[in-house]
Amino acid sequence: MFFIFFFISKTNAVPISPTIQDICTAKIEKISVAQGSGQTGESFPQSGWRSVEKLPDYWSKEWKNNQKSAWYSIDWTYLCPTNTHTAQQLVIENINMAAQIFLNDELIYQDQYLTDPVSRNWHLPQQWLLPAASLKSGKNQLIIHVIGVPTQKAGLGRLYIGSPQKMQPIYQHHLTEKRTLTILNIMINLVIALLCILVWLFDRRNKSFIWFSILGCFWTMYLIIAMYPKPIFHLNNLQVDQLHLIVFCFYVTFSCIAIWRFAKQKFIVVERALWAFVAISSMTILFTPEHFQPVIHQVIFVLAVLIFVLKCITYPYIAYRSKVPEGYFLAFVQISFLPIAFNDAYYMMTLEGSVLSPYTAPITSLFIGFVLALRLSNNAKRIENFNKTLEDTVRNAQSELSTLLNQQHALALDNVKLQERIHLAQDLHDGIGGSIVRSIILVDHHEHIEKQQMLSILKLLRNDLRQVIDTSASLDTKTPENPILWVASIRHRFVQIFEEMDIQSTWTVAPTWVITPTPLQCLTLLRVAEEALTNIVKHSHANRVEVKLQQHQQQLILEIHDNGQGFDPLLVQQGFHVGLQSMQVRVQRLRGHFEIQSIPTSTLIRVILYL
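In the UniProt record's numbering, the protein residues as written are 1 to 611.
See the structure below:
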């Protein structure tokens, strides 16, 4: 893109094709300048003229006390071989700042603003068509009244007179160089600033991009102030130049910080010095008396350029230390800015030559594009490596998970076997164990056991064993139709023993289920009741037992109360009583509530199951 712009600008300066023949010719013979008074409505000076060897000419070198106005006289000859005159074209590279133009004592142009704040045409090539009726054969005279400002190199740029066919390419060349490329530079910098803001918004870790965005905004502001031909915000020319230079100081500071942040570097002391330079420079620019403003502006501008140059020179070393891949390319860009900076600084101080900074926009856009492309490529590689690592990690995790699942499955099988053994032990203890205890008590109370009684005891043991086997092996056992059927078997077993031991028993059972419990809940209550009644027979020495089974709303409540000698309930928590511990575990397995209240003359066991 840079070479395309360069080619266009050079192509526009190519002379017109030799096939075009000019009928009339114009030749500049002499250029003179005289000092003006700077007053509104001043007249053409009659004396004080000096010869100007070449344009551009800036009178501040000759008249240091005059920064207001000057008069330029251009004597030129117009020759036409025929009696028919043709119009000629006047092209002026730039006027610093505003002007009035007279052709043979006739006003042909004047800027809109001739008093402070005046029009600012120092970056605006202009052209005028000199009508044939106003031209004289032979000697003609152009008078250009230039109004300047104290802080700028006031004067007149290169001037051309000739046929429109010859002058148009010259005008287009200067227009492209001074206006078109600069406007394109402004547009590119605005796009870059917006792009950097978007990159920063999507990735807040890349803080260097927000600095590049601010940098682009300040450079755009600097160019707009330089290019805008009319007064800005009703500021006078001195105030506009002050603002222009302050913006440039900020731009230089932000350019340093931006590239340092890009290299992931912070120079606290140097950065504080830069901000101090900006603050001191701004205060000096704003409060220095007008008479010293030109010198102050030039000194501060030179200091800012030196800072910019030092930044460009030192950045390759900073990029080398940072080891950021994109930093090496930025270092190359900074080095390439050095001749451009020197050239533009010389132009700004002398207004001689041409500005090269408009050509930096393609370089900057190329750099941003290169950085984004490189980071996109690096991110893609990181994502690819991350995906590969993730695949390997998932594969290893799957293998480990498969091993763990196999181990867990084996442990689960062992746990199931252990739980079945525990349940079987509890069922044997609470079921067949209680039957054996009852049988022992019956045998103990009879000195002579007949054959029929022994068979009855053995059949009872057999039936209890079958019940334990059936209830342990099958989960599909049905719930008794009513509480009376549920309590019938256990009541039949223990009433006979209670009668033999002179224990009075009371059984209180509801006739129907309010809410039907599950088979497991019925079996759990049955085992708890068997164990509790067996313990009463073995240990309590009670003579009265009360058994209650009732339902309250969604609760199934079993209470067994005796008037025996009691025991210490803490033994259950400490695991010293296997039977009571078994009852508690069974109830907790169903998330029920198990309660023991025991004193020396009474014991109450309460079980609450939630339906």
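C-beta: ideal position from N, C-alpha, C; glycine also. All values reported here derive from a predicted model rather than from experimental measurement.
- Judged by DSSP in its simplified three-state form, residue 177 adopts helix.
- The region 86 to 94 makes contact with the region 171 to 178, as at least three CB pairs between them are under 8 Å.
- Within the same chain, no residue comes within 8 Å of residue 488 by CB-CB distance, once the 5 residues on both sides are set aside.
- In this structure, residue 99 sits near residue 146, with a CB-CB distance shorter than 8 Å.
- Between residue 322 and residue 264, the gap from beta carbon to beta carbon is short of 8 Å.
- Contiguous alpha helix (DSSP H) elements confined to the region 518 to 553 occur at 519 to 535, taking only those with 4 or more residues.
- When 259, 280, 609 and 151 are compared, the shortest CA-CA separation from residue 326 is found for 259.
- Within the same chain, 100 come within 6 Å of residue 110 by CB-CB distance, once the 5 residues on both sides are set aside.
- Here residue 307 is not near residue 284, since their CB atoms are 8 Å or more apart.
- Residue pairing of residue 30 in beta bridges, as defined by DSSP: 75.
- Remark: C-beta atoms of residue 60 and residue 154 approach each other more closely than 8 Å.
- Beta-bridge annotation (DSSP): residue 603 is paired with 562 and 598.
- Around the CB of residue 257, 16 or more other CB atoms lie within 10 Å, so the residue is classed as buried.
- For the pair of segments examined, the region 126 to 144 was found to touch the region 69 to 77: the number of CB pairs separated by less than 8 Å reaches three.
- In this structure, residue 281 sits near residue 249, with a CB-CB distance shorter than 8 Å.
- Residue environment: residue 582 is assigned as buried (16 or more neighbouring CB atoms within 10 Å of its CB, all protein chains considered).
- Rounded to whole angstroms, the separation of the alpha carbons of residue 381 and residue 400 is 28 Å.
- Under a 10 Å Cβ-count criterion, residue 31 is classified as buried, with 16 or more other Cβ atoms of the shown protein chains found around its own Cβ.
- Between residue 156 and the set 559, 121 and 609, the nearest pair of CA atoms involves 121.
- Per DSSP, the beta bridge partners of residue 102 are 107 and 143.
- Taking C-beta atoms under 8 Å as the contact rule, residue 506 and residue 546 qualify, at a distance of about 5 Å.
- Annotation for residue 278: the continuous alpha helix (DSSP H) segment containing it runs 268 to 287.
- Residues of the same chain with a CB within less than 6 Å of the CB of residue 68, apart from the 5 flanking positions on each side, are 38 in chain order.
- Residue 411 has its alpha-carbon roughly 46 Å from the corresponding atom of residue 496.
- DSSP, reduced to helix, strand and coil, places residue 206 outside both helices and strands of the structure shown, so it counts as coil.
- The alpha-carbon separation between residue 514 and residue 584 amounts to approximately 25 Å.
- Beta-bridge partners of residue 25 (DSSP): 79.
- In this structure residue 601 is in contact with residue 563, their Cβ atoms being roughly 6 Å apart against a cut-off of 8 Å.
- The three-state reading of DSSP puts residue 364 in helix, counting H, G and I together.
- Taken atom to atom, the span from the alpha-carbon of residue 343 to that of residue 355 is near 7 Å.
- Beta-bridge partners assigned by DSSP to residue 70: 35 and 146.
- Judged by DSSP secondary structure, residue 340 falls within the alpha helix (DSSP H) whose first and last residues are 325 to 350.
- Under DSSP, residue 509 shares a beta bridge with 549.
- In the DSSP annotation of this structure, the continuous segment of the beta strand (DSSP E) that includes residue 128 starts and ends at 126 to 130.
- Contact between residue 509 and residue 549 holds, since their C-beta atoms are separated by about 5 Å, short of 8 Å.
- Spanning the alpha carbons of residue 387 and residue 570 requires a straight line of approximately 60 Å.
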